[in-house]
Amino acid sequence: MSTFIEHLRVLRATLLRLLLTPNATLLNVLIIGIALSLPVGGYVILKSVQSLTGQLTGTPQISVFIKVGTGAGEVTRIGDKLKQNAKIERVEFVPRDVAFKKLQQSTELSDVIGDLSQNPLPDAYIVYPKATDASAMESLRDELKTWAQFDHVQLDSAWVHRLEAVLGFGRLAVGILAGLLSFALIAITFNTIRLQILTRRDEIEVAKLIGATDAFIRRPFLYFGLAQGLLGGVAAWLIVSGSVFLLNHYLGDLASVYASEFSLLSLSIADSATLLGFAAYLGWLGAWFSVSQHLWQIEPR
Amino acid sequence: MIQFNQVYKRYPGGHEALRDLSFEITEGEMVYLTGHSGAGKSTLLKLIAAIERPTSGSVLVKGQNIRSIKREAIPALRRNIGLIFQDHKLLFDRSAFDNVMLPLQIGGFDHRESAKRARAALDKVGLLAREKANPISLSGGEQQRLCIARAIVNRPAILLADEPTGNLDSDYANEIMHIFKSFHQVGVTLVISTHAENVLTQFPARELHLKQGALL
Ligand SMILES: Nc1ncnc2c1ncn2[C@@H]1O[C@H](COP(=O)(O)OP(=O)(O)OP(=O)(O)O)[C@@H](O)[C@H]1O
Ligand SMILES: [Mg+2]
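Protein sequence lines, in the order shown, are assigned to chains B and H.
Taken in order, the first sequence gives residues 1 to 301; the numbers are from the working numbering.
Taken in order, the second sequence gives residues 302 to 517; the numbers are from the working numbering.
Pasting the structure below:
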């Protein structure tokens with residue numbers, strides 16, 4: 001019970017100390033908040049883009065465009081040949097007239113297409129392969145490319161794979177950023193605590209001389225690091241959440257113009273808890289390193 | 302209670318502050334430590350409180366050897382020792398009352414109980430009326446007495462006083478010596494270093510006289 005009250009006393013003293021130097025505290029909290037908001041913002045963007053690819057991937061397919069001017073009989077024969085291929089699950093025929101009508105009906109381009117007197121589109125088949133992994137799809141595409149009747153063979157999932165690769169790169173970048181800035185957060189706390197120890201040197205020395213344990217001396221500094229890290233985490237949360245709110249507002253306007261579905265996801269409760277916990281932990285860690293390093297330097301002589 | 306066996310203390314600079322000291326102080330005894338400036342009085346007291354370690358020989362305090370005592374065991378040892386420093390070592394960022402509270406906070410005592418004890422200690426040294434004052438606004442004698450209040454608030458078994466009456470006029474010195482006397486009467490072991498001849502004659506007790514680090 002008395003130790004609990006002692007912890008409360010130290011906590012109260014810590015909060016008072018934070019309020020005692022409001023400018024320094026605010027500055028530190030802001031720096032930590034901005035530093036943390038960079039990787040967290042990156043994480044939000046990655047998460048949002050990833051959920052977008054999840055919606056769009058669907059079943060992977062290959063579109064083959066037949067050379068313009070190929071006769072109807074030849075087109076049917078090509079379709080039968082495709083259906084006989086063991087690697088192909090099923091085939092869907094898209095006649096050039098249907099494609100042209102669809103294009104005319106589609107929103108943005110109707111003005112341009114409407115002026116065309118002639119249908120510039122070829123007949124096309126949409127091929128659904130049996131194996132849908134990237135390498136099988138690519139080998140099938142390469143095989144289809146060798147057919148002389150085809151003008152163009154397009155692997156529709158290619159951009160998804162490319163996006164996956166970009167996302168992987170993004171994840172790595174965010175990871176590195178998070179690592180570096182975590183280190184910066186530890187360094188900021190380390191330095192703050194170092195300065196505090198210097199100004200409270202007498203107090204530490206006297207406390208040691210009259211029988212304070214290392215834990216007793218460490219405690220207020222650890223609390224300070226923890227509280228400062230936590231406040232920095234709150235600042236980062238506010239920065240990211242505020243930015244997401246503003247950007248989504250702007251994206252909402254864009255969406256009505258381009259019929260886009262994209263919006264940034266806000267931080268989930270689990271994400272927020274992780275952010276705050278991690279920030280508090282890093283602050284605590286920075287303080288711990290600092291106190292441990294400086295405590296033995298001020299052994300009473 | 303306190304036992305020195307062939308103790309030498311050499312400071313890093315190479316200066317030999319204590320030479321071949323052997324003596325014993327029994328529980329509840331009051332002992333004066335005398336000698337010229339630089340004779341090694343403060344050094345001897347620092348050895349007892351494990352602020353310095355002997356270079357050779359053994360210093361036993363309550364059965365623990367200071368020469369080999371582990372770092373983690375030092376806080377517990379010091380909580381049993383009341384230290385009155387030659388330079389007071391008061392904290393000027395807090396009130397007189399909070400200075401006296403520090404040992405109790407370190408000891409993990411209940412706050413209400415601590416406050417009661419701190420006021421009792423301040424009362425004992427005649428500073429209860431000044432409990433809210435910052436130590437910097439206290440006179441030299443008052444600072445000295447505040448330092449005593451902080452040393453006794455824990456009710457330690459051993460009290461080490463390094464020139465507690467230095468720079469004080471004889472009235473103050475007598476007052477402080479009366480306080481010590483009352484602790485001696487309740488069984489506290491006291492080691493007091495002093496220059497003052499009148500203290501020695503008015504409050505007689507065993508005297509350890511140091512000369513250039515050696516016992517005479
Ligand atoms: N930390 C130290 N490093 C090196 N030498 C020291 C140290 N502390 C004390 N000394 C030396 O040891 C000798 C004894 O010092 P000490 O402080 O024990 O003397 P003292 O008897 O308390 O003197 P005073 O009456 O002036 O307080 C002195 O010569 C001093 O210069
Ligand atoms: Mg001295």
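Note that the Cβ used here is the ideal one computed from N, Cα and C, for glycine as well.
Since we're looking at a predicted model, the values are computed, not measured.
- With respect to the C-alpha of residue 355 of chain H, the residue from H/318, H/334, H/325 having the closest C-alpha is H/318.
- Residue-level contact check: residue 412 of chain H touches chain B, since one or more beta carbons of chain B fall below 8 Å from its beta carbon.
- Pairing residue 376 of chain H with residue 213 of chain B gives a Cβ-Cβ distance under 8 Å.
- Rounded to whole angstroms, the separation of the alpha carbons of residue 323 of chain H and residue 517 of chain H is 11 Å.
- The beta carbon of residue 367 of chain H does not come within 8 Å of any beta carbon belonging to chain B, so the residue lies off that interface.
- Using a cutoff of 7 Å, the CB of residue 463 of chain H counts as near ligand 2, since one of the ligand's heavy atoms is closer than that.
- Look at which beta carbons fall closer than 6 Å to any heavy atom of ligand 1; those residues are B/301, H/312, H/314, H/316, H/318, H/336, H/338, H/339, H/340, H/341, H/342, H/343, H/344, H/387.
- Interface with chain H (8 Å Cβ-Cβ cutoff): residue 206 of chain B is included.
- From the listed residues B/7, B/98, B/202, B/49, the smallest Cα separation to residue 297 of chain B is found for B/202.
- For residue 90 of chain B, no alpha helix (DSSP H) encloses it; the enclosing beta strand (DSSP E) starts and ends at 88–94.
- Distance from the CA atom of residue 438 of chain H to the CA atom of residue 428 of chain H, rounded to whole angstroms, is 13 Å.
- Counting C-beta pairs with one atom in each stretch, the stretch 211–229 of chain B and the stretch 186–196 of chain B have three or more that are closer than 8 Å, which means they touch.
- Cα atoms of residue 145 of chain B and residue 65 of chain B: separation of roughly 10 Å, rounded to the nearest angstrom.
- By the rule that beta-carbons nearer than 8 Å mark a contact, residue 376 of chain H touches chain B.
- Ranked by Cα distance from residue 421 of chain H, the options H/452, H/394, H/391, H/436 are led by H/452.
- Using a Cβ distance threshold of 8 Å, residue 396 of chain H and residue 435 of chain H count as a contacting pair.
- In the three-state scheme derived from DSSP, where H, G and I count as helix and E and B as strand, residue 472 of chain H is classed as helix.
- In the structure shown, residue 130 of chain B adopts coil according to DSSP, grouped into three states.
- DSSP places residue 151 of chain B inside the beta strand (DSSP E), whose first and last residues are 150–155.
- Closest option to residue 380 of chain H, judged by alpha-carbon separation, among B/86, B/206, B/148: B/206.
- Here the stretch 13–30 of chain B makes no contact with the stretch 242–253 of chain B; the two share fewer than three CB pairs at distances below 8 Å.
- Interface with chain H (8 Å Cβ-Cβ cutoff): residue 13 of chain B is excluded.
- The C-beta distance from residue 359 of chain H to residue 306 of chain H rounds to 5 Å, short enough to fall under 8 Å.
- A check of alpha carbon separations from residue 501 of chain H across H/314, H/512, H/388, H/331 identifies H/331 as the nearest.
- Residues of the same chain with a CB within less than 7 Å of the CB of residue 14 of chain B, apart from the 5 flanking positions on each side, are 220, 223, 224, 227 in chain order.
- Using a Cβ distance threshold of 8 Å, residue 126 of chain B and residue 94 of chain B count as a contacting pair.
- Following the DSSP letters along the chain, one finds residue 309 of chain H inside the beta strand (DSSP E) bounded by residues 303–311.
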